[in-house]
Amino acid sequence: MERQALNVFRMRLLGSKVTGVNAGSRTLKDAISEAMRDWTTNVGTTHYLLGSVLGAHPYPMMIRDFQSVIGRETRKQILALEGQLPHCLVACVGGGSNSMGLFYPFVKDAKVQMVGVEAGGYGIGSGKHAARFSGGKPGVLHGTMTYLLQDEDGQVNPTHSVSAGLDYPAVGPEHSYYHDAGRILYTSATDAEALAAFDLLAQAEGIIPALESAHAVAEVVKLAPTMKKSQILIMNLSGRGDKDVQQIAKMRGTPL
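Just so you know, the numbering used here puts 145 at position 163 of the sequence shown, and the rest follows in order with no gaps.
What follows is the structure in C-alpha cells.
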C-alpha cells in the first residue's frame, strides 16, 4: 500500500475500505491471494473483482474486452490521422491489461509488430525481477495456467520491481498464448532503465509517467532509433506518475 499511497487515499476519499495485507511478501500476489481467500470464505457477502487479465475464466476475457477500447480508439484515430496502421505498438506488461487492451484489436493485422515490456528489476541474471517470459515456465497461480516465476518444486519465486503494478510472478494467460504463438514479442526493462525513461519523458515532454508506463518508454528509447522516420510507433502511456513521485523522491534522498 505504501507504493500506491496516493491511489489508496483517493479510494478512501470515495468511501472505500482498503485493507492492507501482511502475509507473505506483501505484494500484489499476496493481496490477490487474500482477496480470493476472503471471497471463498464469505461467498454470500463477497464478490471478487480483478482489474487485470488474470484469474480463472471469465476474468481474463472480460477485462480484455473492456480494456480493448484502448486499441479500438487507437486504431480509429491513427487511421484518421495517418491513413495507415502503425508499424509497432509498445506497452508495459504486469498482469497485462493495458497492453492486451492496446494489442487485441490489432492481433489479426500481421504487419503490426507488438512489443510487451516486463519488469527487469535488477536484471534477469540477478533473479530479482518480474520478467515471466525471460525467467519463468508454465505453472498455475490464482486459477490461471500461464508463465510463472517458480522454483523446481513449483513454489512461487519472490519478485522485484521498482513498479508496484508490474511486481507479480505470473502474467495473463492470453499473453502466454501470443508469446508461444510468436505473435507478440516480450522484452524487459530494468529498474534503472525505467527510472531513466521516467526522467526523460518528464524533462522532454513535461509528462510524468507512472513507473509501470516508464518501462514501455524505456523500450521505445531502444526501439525508435532502429526504425525509419516514416514508420509509426505507438506507445501506451497507461498511467500517471503523480502516484509514484513520493516513492521516487524517497529513493533519491529527498523524501516529501
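Where is the CB? At the ideal position from N, CA and C, for every residue including glycine.
On the premise that residue j lies in contact with residue i, defined as a C-beta separation below 8 Å, what is that separation, rounded to the nearest angstrom?
i: Cys70; j: His197; result: At roughly 16 Å, the Cβ-Cβ gap does not stay under 8 Å, so Cys70 and His197 are not in contact.
i: Val199; j: Pro191; result: 6 Å
i: Val3; j: Glu16; result: 5 Å
i: Gly118; j: Gln132; result: 7 Å
i: Gly221; j: Glu194; result: 6 Å
i: Phe88; j: Gly121; result: Going by Cβ atoms, the distance from Phe88 to Gly121 rounds to 29 Å, so no, they are not a contact pair.
i: Thr126; j: Pro155; result: 5 Å
i: Asn80; j: Lys225; result: Not quite, the Cβ-Cβ distance comes to about 15 Å (not below 8 Å), so this is no contact.
Is it buried or exposed for residue i, if we count other Cβ within 10 angstroms and need 16 for buried?
i: Phe48; result: exposed
i: Asp149; result: buried
i: Lys211; result: exposed
i: Gly76; result: buried
i: Met82; result: buried
i: Lys11; result: buried
i: Gly28; result: Per the sequence presented here, residue 28 reads as Thr, with Gly not at that position. So Thr28 ends up on the exposed side.
i: Gly147; result: buried
i: His124; result: buried
i: His111; result: buried
i: Arg57; result: buried
i: Glu175; result: buried
i: Ser34; result: buried
i: Met217; result: buried
i: Val72; result: buried
i: Pro237; result: exposed
i: Gln229; result: buried
Which partner residues of residue i appear in the DSSP bridge assignment?
i: Val138; result: Gln132
i: Ser170; result: Glu100
i: Ile216; result: Leu71
i: Gly121; result: Thr128
i: Ala112; result: Ala101
i: Ala254; result: Outside the shown range of the chain (-17 to 238) lies residue 254, about which nothing can therefore be said.
i: Arg222; result: Pro191
* Asked: What are the start and end residues of each continuous alpha helix (DSSP H) run of 4 or more residues lying completely inside the stretch 64 to 105, in chain order?
  -> 79 to 85
* Asked: Between the stretch 142 to 150 and the stretch 94 to 104, do at least 3 Cβ pairs fall closer than 8 Å?
  -> yes
* With a floor of 4 residues, list each alpha helix (DSSP H) that falls wholly inside the stretch 182 to 213, ordered by position along the chain. => 193 to 205
* To do: Determine contact between the stretch 101 to 117 and the stretch 52 to 64, defined as no fewer than three beta-carbon pairs at a distance below 8 Å.
  => no
* Quick one: any contact between the stretch 148 to 167 and the stretch 84 to 95, if contact means 3 or more CB pairs under 8 Å? -> yes
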